[in-house]
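What follows is a single structure, written as structure tokens, with notes after it.
Residue numbers (this note's numbering), protein chains in the order written: chain A, 88 to 349; chain B, 391 to 789.
What follows is the structure, encoded as structure tokens:
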């Protein structure tokens, strides 16, 4: 009984994701299984939609935009977030609880409200419809993940190592880069992956802040769902599912590493 | 020198956090703050009609104002027409009193340099509404720089000309109902997630390690998969010509022209949101349940408790922190949800966040959008503080 119920819930979780994959090989422009597909007729299956996205300029530029914005936002978020996490983990940090709340606010705020606020402010600063504006906005949305994961990793970090390094003559910077950073690297990396995944899947801020030049993959999918619905977005979706699985495996691997060294 | 504390470590810690605090302050908190200032501050009408509004201060409010007010209004409306802000002014006054948009716009267009008789007669010649006190009340209200009218509008209230507050007309009451709907939907989705998530989390938490890892992956893959992908999946499954309807037709359960409307309505919003939010319930529950040793239940059994009693008295109480954290997390996320209802909710499955987007992008009533946003954010922050007490700032670790 219990097992059957859990199987049903897991089916509910996974089936919608798995159904996309075979449908993306549909030879016809439909969103459902054709009779030919059910008969496993090879004619009914094709790479048509994959060819379409591979040769489409729109999707290619969307991918480039997503990668550029995601990478830059992640780099910024990871650098600032790691620094802040180091400060927040120090027992000497004043107003720690308040600052933590302040720094995770982008995570808690509903994204439509963030996007609306950014729309006014960024346009007035001349950052509307620019890559830089989106990079800053996505970095802001990604920093809470870095702060949270790195702070969590640092609770397991043994600070006597810092004193040991200092006693051996290393300055603070050297201690950080040679001793502390390698040990907390799994936490930093998984925070960075979270930040990247956030940017890579973010659509609302892009809709409000971005122009045609800032078309990203989620924005193109949004347009695809709302307007010219074509199975090409199922091919993109399949690609994103594979990407999600790869991210998941990487984060799991990093977590095991962190557990091993922590 | 006083023997004070040594402040250097504090300064160093604060110095490390400072860049991010400044960054989040400028790129995130300042935008929100300027947006919320819009919900109480609006200078469009005040800047366009300064003299008219100043003269209206001395007006008795009972009948149409004197010739001096009409003269000032004529000059300033013509100026507004010239500077092309008349449309904005008309829109603002229209929000206070329906129907004013065209009156103000037409007046701005038809006023000429010299009056036709008196300015008063000229105005009344363009539209007799200018002879009514209500019209000038609307202008005066729209001219307030600092205003509570967006917040009043956001909870279906309005200010009457005499300054008292009344409920919006029956057919214009939409927001309270929408807030209530959002609240109920979020609560139901939280309940559903708990119903589905609790047994699943329990099953995974107490499965043998290898199998547990595999099962957990089945929860994490959807969690990591793009939201738009998951929403697309539900469109594929639920639409009229979609997979589920096809199966039902093939099984003969529904006729081909009686296909069920499973999407672009509240059903679609419900199903897709439950699917998206379920992992947020399972993960905190799982991390709490994993910490409960099996021996507790064995001990309960050995003391004579049946499975039901053992569960209710021993197991369930220990999972309450996870239940609380998971439920609050799902509820917080549901209350501010935008993307999924916008894509699969049709016209009946919209939530309050979609109204913020509507006023941002379509009606361009930014003051009201900001007020609605501020109310949602206040709810979310309140719930988050509760969540933080339950789960700590690091949260129950997700993924």
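Glycine is no exception: its CB is placed at the ideal position from the N, C-alpha and C atoms.
All values reported here derive from a predicted model rather than from experimental measurement.
- Contact between residue 208(A) and residue 420(B) holds: CB atoms are separated by about 6 angstroms, below the 8 angstroms threshold.
- Bridge partners of residue 549(B) according to DSSP: 555(B).
- A Cβ-Cβ separation of about 7 angstroms places residue 107(A) in contact with residue 328(A) under the 8 angstroms criterion.
- DSSP places residue 397(B) outside both helix and strand once states are collapsed to three, so it counts as coil.
- Close partners of residue 89(A) in chain B (Cβ separation under 9 angstroms): 589, 592, 593.
- Non-local C-beta neighbours of residue 532(B) in its own chain, meaning closer than 6 angstroms and more than five positions away in sequence, comprise 435, 482, 483, 486, ordered along the chain.
- Bridge partners of residue 449(B) according to DSSP: none are assigned.
- DSSP places residue 210(A) inside the alpha helix (DSSP H), whose first and last residues are 198-211.
- Within the stretch 304-316 of chain A, those residues whose Cβ lies closer than 9 angstroms to any Cβ of chain B are, in chain order, 304, 305, 308, 309, 311, 312, 313, 316.
- Counted as a single uninterrupted DSSP element, the stretch harbouring residue 473(B) is not any alpha helix (DSSP H), since DSSP gives it neither H nor E.
- Less than 8 angstroms divides the Cβ of residue 621(B) from the Cβ of residue 733(B).
- Contact between residue 490(B) and residue 760(B) does not hold, since the beta-carbon distance rounds to 22 angstroms and is not under 8 angstroms.
- Contact between the stretch 434-453 of chain B and the stretch 250-269 of chain A is not established, with fewer than three Cβ pairs separated by less than 8 angstroms.
- Contacts with chain B (Cβ-Cβ distance below 9 angstroms) from the stretch 240-251 of chain A involve 242, listed in chain order.
- Along the stretch 609-630 of chain B, going in chain order, the ones with a CB nearer than 9 angstroms to a CB of chain A are 609, 610, 611, 612, 613, 614, 615, 616, 617, 618, 619, 620, 621, 622, 623, 624, 625, 626, 627, 629.
- For the set 657(B), 598(B), 591(B), 673(B), the Cα lying nearest the Cα of residue 94(A) is the one of 591(B).
- The C-alpha of residue 222(A) lies about 51 angstroms from the C-alpha of residue 459(B).
- When C-alpha distances from residue 116(A) are compared across 345(A), 317(A), 340(A), the shortest belongs to 317(A).
- Within 10 angstroms of the beta-carbon of residue 653(B) lie 16 or more other beta-carbons, which makes it buried.
- Of all alpha-carbon atoms in 255(A), 287(A), 240(A), the one lying nearest the alpha-carbon of residue 268(A) is that of 240(A).
- For residue 113(A), the three-state secondary structure derived from DSSP is strand.
- Taking the CA atoms as reference points, residue 754(B) sits about 56 angstroms from residue 698(B).
- Looking from the CA of residue 777(B), the closest CA among 569(B), 717(B), 638(B) belongs to 717(B).
- Residue 726(B) is not a Cβ neighbour of residue 674(B), given a cutoff of 8 angstroms.
- Close partners of residue 101(A) in chain B (Cβ separation under 8 angstroms): 608, 611, 612.
- By the criterion of a C-beta distance shorter than 6 angstroms, residue 449(B) is surrounded in its chain by 455, once the five residues flanking it on both sides are discounted.
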